[in-house]
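My numbering applies: residue 36 is where the sequence shown begins, and numbers increase by one. Even for Gly, the Cβ is constructed at its ideal location relative to N, Cα and C. I have placed the structure first, in the form of C-alpha cells, so that the comments after it can refer back to it.
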Amino acid sequence: MARDAYAYRQLAVESVEWNGRVEIHPVSGQAYATDLPVQCSRRLSDTSIYPLGTIFLVNAKLTDRMGGPQYLYVWHGDEIKVLSDAEADVFLGAYRRVRL
36 MARDAYAYRQ LAVESVEWNG RVEIHPVSGQ AYATDLPVQC SRRLSDTSIY
86 PLGTIFLVNA KLTDRMGGPQ YLYVWHGDEI KVLSDAEADV FLGAYRRVRL
C-alpha cells in the first residue's frame, strides 16, 4: 500500500529528556502540543550522533493506533534534516500566530 503524502506535513521536532529518556517532541509554537509523542527513527534520539536539543525538520502525520492515544508518526525511511537555530527560527516564524 502506498503512503498517502497528503496526510503528512512539515514539522519541527527536537530531542528532549523526558522521564529520564531521550524522546522526540514537537517544538513549541506549532499546531501540536510539545508533550505529544513522536514515533520516528531511533537515530533521532541517539545522543552519540545528535546532541540533546537538536532540532529536526520532518514530515509527520497525526495518528492513533486502534483508537489509542494520539501521536505523530514519521516514516523511518525519510531523510533526516537537522535545522540550525537560524533555520528553526525562520521555519517557526511562518507558524507563529499573530494576536489581534
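- Beta bridge pairing from DSSP links residue 49 with 60 and 90.
- In the three-state scheme derived from DSSP, where H, G and I count as helix and E and B as strand, residue 44 is classed as strand.
- With a beta-carbon spacing of about 14 Å, residue 58 and residue 90 fall beyond the 8 Å limit used to define contacts.
- Note that the region 76-87 does not touch the region 95-106; fewer than 3 beta-carbon pairs, one per stretch, sit closer than 8 Å.
- Secondary structure note for residue 118: its beta strand (DSSP E) is the uninterrupted segment 116-118.
- DSSP, reduced to helix, strand and coil, places residue 71 outside both helices and strands of the structure shown, so it counts as coil.
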